[in-house]
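In my numbering, the protein residues as written are 1379 to 1837.
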Amino acid sequence: MSHMLSQSSSPLRRLYEPGAYQTAELPRSFWADSVGTLPACQALPASGDLKTDIAIIGGGYTGLSAALRLAQSGRSVSVFEAGRPGWGASGRNGGFCCLGGSMLSWGNLAKRFGDDASRQFARHQLAAIDLVDHRIANWQADVDRHSDGEMVLAHKAGRIRDLHEEARELTHFAGIKSTFHTVESLQEQGMNANGIAGGLHVKAGFGLHPFKYLAALHKACLAAGVQIFEQAEIHHIEESTNNVTLISGDCQITADQAILATNGYSAENMPQWLAGKLLPVISGILVTRPLNDSEQREQGWTSNMMAYDTRVLLHYFRKLPDGRFMFGGRGGLDATPDGQQKARAVLIDEFHAMFPAWRDIDITHHWNGLACLSQSYRPFVGQVNGYQRLWASIAYHGNGVAMASYAGDLLARKITGNVTMSDIGPVMGLPPKRFPLSGLRRQYRWLAYCAYGFYDRFL
């Protein structure tokens, strides 16, 4: 079998404007500013040949997690990152190490795959949190960990019923304890936000500094002998009977097997199998200056609990250990400078609407990144259709701290023969299909956002 793709003669095709994919430097996020520069990695030779057992495209949580496990199993592993490790979603996210990975409820998953498969996916999610927990402990990594689980906040009274249903499903499918809170009990715990009608404390997960965690993972990979190449964009893949070949400029990398770990920053034609299957969406985050005790009490939010609300176009937020407040939400529809300025203004307005006492508090950082949705609204971990030596782990639906870490590790264990596709299960193992009218994804997402906004506000 041989796949000869067209990438060597045509540019990578991506969904957004070039501004979303500038790899020259890390985005100016609070996370990057507060960690500093990671140890420099290798530069890919301008030309020539490289050989490795496993080639991994993408140096975020997925790629580095797979690399670590594979290197520990005795393979020679090389990671190729288009920017610097952590340049993508792994260095830009909100730092919620929590349940998630799919946009479908436990019940909806069970309707399609059965109760056992839904419970298996729940076990994967819990194992994902445990993996990150164990790594932090074993590496003695200071990642600013805090928060006992997370709080789901009903943004209107009509959503309280949904919280009780979620509590029932959490118990039935995942065996997870949760506690319902009234507005009054939320306020007693220091969680007062405008418009909140109640909350559900889900007792799984914790918050962390996503870039400090990435730095610890990066350090562990280097210690295990992983070669990490930065500014090394792969633009062409070929597979033959005996190996898989990656092309970057005039450099050719030959490997026994390769992994796609590019998630929301994937190209539509690298490989062509990805075309129309993923929908990256822009998420924006802002961070304030540190709030003193008086300012926290004035708003009534003194809790360290991470939280998000029940909007379809949800907000997610938490007080950071140094007193800063992080607030995230929808990041606009395009990656142009003008579009991002407008999205920033909208996000600030939404922040002020929920936390009016902080209207005059300085916002020191704002950035955005791409979360990755699939047509199936489920993550995928497995072999790329039509290939024998190419694998992928993608689509965590905005919950990649735990799930990307775990999925990369899980895929590595599949490659080494320690788990089977049955162990992975149908929820994660069934490949996504193409979106309907996939060429119009951005256009009909605009219509979807309008519908979701109406639903969130009025229904």
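C-beta: ideal position from N, C-alpha, C; glycine also.
Legend entry - Extent of the continuous alpha helix (DSSP H) run through D1493: Its alpha helix (DSSP H) spans residues D1493 to W1517.
Legend entry - Inter-residue Cα distance where the pair is S1384 and C1629: Note that S1384 scores a pLDDT of 35, beneath 50, so its modelled location is shaky and nothing firm can be said.
Legend entry - Where the beta strand (DSSP E) containing A1433 begins and where it ends: S1425 to I1435
Inset, instruction - Please report the residue range of the beta strand (DSSP E) in which C1419 lies. - result: No beta strand (DSSP E) contains C1419, which DSSP labels as neither H nor E.
Inset, instruction - Compare the beta carbon distance of I1802 and V1759 with 8 Å and say whether it is the shorter of the two. - result: yes
Legend entry - Continuous beta strand (DSSP E) assignments of at least 3 residues falling wholly in the region 1617-1666: Counting only runs of 3+ residues, the beta strand (DSSP E) found wholly inside the region 1617-1666 occupies 1622-1626, 1628-1638 and 1656-1666, in chain order.
Legend entry - Per DSSP, the bridge partner or partners of W1679: M1569
Legend entry - Best match in E1616, R1501 and H1693 for proximity to R1767 [C-alpha to C-alpha]: E1616
Inset, instruction - Assign E1676 to buried or exposed, taking buried as 16 or more other Cβ atoms, counted over all protein chains shown, within 10 Å of its Cβ. - result: exposed
Inset, instruction - Throw me the rounded Cβ distance for the Q1420 and Q1605 pair, which I believe falls under 8 Å. - result: 6 Å
Inset, instruction - Spatial neighbours of R1690 within its chain, please: CB distance less than 8 Å, with the 5 preceding and 5 following residues excluded, ordered by chain position. - result: Reading off the sequence shown, one finds Val at residue 1690, where the question assumed Arg. For V1690, where only same-chain residues beyond five positions count, the Cβ hits under 8 Å are Y1830, Y1833 and D1834.
Inset, instruction - Rounded to whole angstroms, what's the CA-CA distance from E1395 to W1824? Just pull it up for me. - result: The C-alpha of E1395 lies about 16 Å from the C-alpha of W1824.
Inset, instruction - Express the C-alpha separation of Y1774 and F1733 in angstroms, rounding to a whole number. - result: 29 Å
Inset, instruction - Work out the CA separation of R1462 and K1429 for me, nearest whole Å. - result: 21 Å
Inset, instruction - Please report how far the alpha carbon of L1657 lies from the alpha carbon of S1672, in whole angstroms. - result: 42 Å
Inset, instruction - Would you give the residue range spanned by the beta strand (DSSP E) that R1737 belongs to? - result: Where R1737 is concerned, there is no enclosing beta strand (DSSP E), because DSSP gives it neither an H nor an E.
Legend entry - C-alpha distance - Y1822 paired with I1663, whole-angstrom precision: 24 Å
Legend entry - With 16 other Cβ atoms within 10 Å as the buried cut-off, status of S1425: Around the beta carbon of S1425, fewer than 16 other beta carbons sit within 10 angstroms, so the residue counts as exposed.
Inset, instruction - Go through its chain and collect everything with a Cβ distance to M1382's Cβ below 7 Å, but skip five positions before and after it. - result: Here M1382 scores only 43 on pLDDT, less than 50, and its place in the model should not be relied on; the value that follows carries that caveat. For M1382, where only same-chain residues beyond five positions count, the Cβ hits under 7 Å are E1616.
Inset, instruction - Ignoring anything shorter than 3 residues or poking outside the region 1689-1745, list the beta strand (DSSP E) runs there in chain order. - result: 1694-1697 and 1703-1708
Inset, instruction - Quick one: using the 10 Å Cβ neighbour count with 16 as the cut-off for buried, is T1560 buried or exposed? - result: Around the Cβ of T1560, a 10 Å sphere holds fewer than 16 other Cβ atoms; the residue is exposed.
Legend entry - Cutoff 8 Å; reference D1526; Cβ partners in own chain excluding five residues on either side: K1581, F1584 and M1683
Legend entry - G1717 versus A1402 - alpha carbon distance: 21 Å
Legend entry - Contact set for H1809: own chain, Cβ-Cβ below 7 Å, skip 5 residues either direction: Position check: residue 1809 holds Pro in this sequence, whereas His was assumed. So the list reads F1758, G1760 and N1763, once near-sequence residues are dropped.
Legend entry - Straight-line gap, H1512 to A1519 (C-alpha atoms, nearest Å): 10 Å
Inset, instruction - Grab the span of the beta strand (DSSP E) containing A1535 for me, first residue to last. - result: In the DSSP assignment, A1535 falls outside any beta strand (DSSP E), carrying neither H nor E.
Inset, instruction - Leaving out five residues on either side along the sequence, give the residues of the same chain with a beta carbon under 6 Å from the beta carbon of R1702. - result: V1665, T1666 and P1668
Inset, instruction - Classify W1465 as helix, strand or coil using the three-state DSSP reduction. - result: coil
Legend entry - Selected residue, minimal CA-CA separation from A1535, among N1777, T1632, G1642 and N1572: N1572
Legend entry - When L1698, G1795 and K1697 are compared against S1451, the one with the closest alpha-carbon: G1795
Inset, instruction - Return the first residue and the last residue of the beta strand (DSSP E) that A1770 is part of. - result: L1768 to I1772
Inset, instruction - Find out if the Cβ-Cβ distance for the pair R1439, S1468 is shorter than 8 Å. - result: This sequence places Tyr at residue 1439; Arg is not what is there. Taking 8 Å as the Cβ cut-off, Y1439 and S1468 qualify as a contacting pair.
Inset, instruction - Sort G1776, A1723, D1494 and D1738 by Cα distance to G1466 and report the nearest one. - result: Ranking the options by Cα distance to G1466, first place goes to G1776.
Inset, instruction - Can you tell me which of the three DSSP states E1608 falls into? - result: strand
Legend entry - Status (buried if at least 16 other CB within 10 Å, exposed otherwise) for S1380: For S1380, the predicted model reports a pLDDT of 47, less than 50, meaning its position is unreliable; a value from the coordinates is still stated below. Counting Cβ neighbours within 10 Å, S1380 comes out exposed, since fewer than 16 surround it.
Inset, instruction - Return yes when the Cβ of F1558 is within less than 8 Å of the Cβ of D1805, no when it is not. - result: Correcting the residue identity first, residue 1805 is Val in this sequence and not Asp. Not a contact, by the Cβ cut-off of 8 Å.
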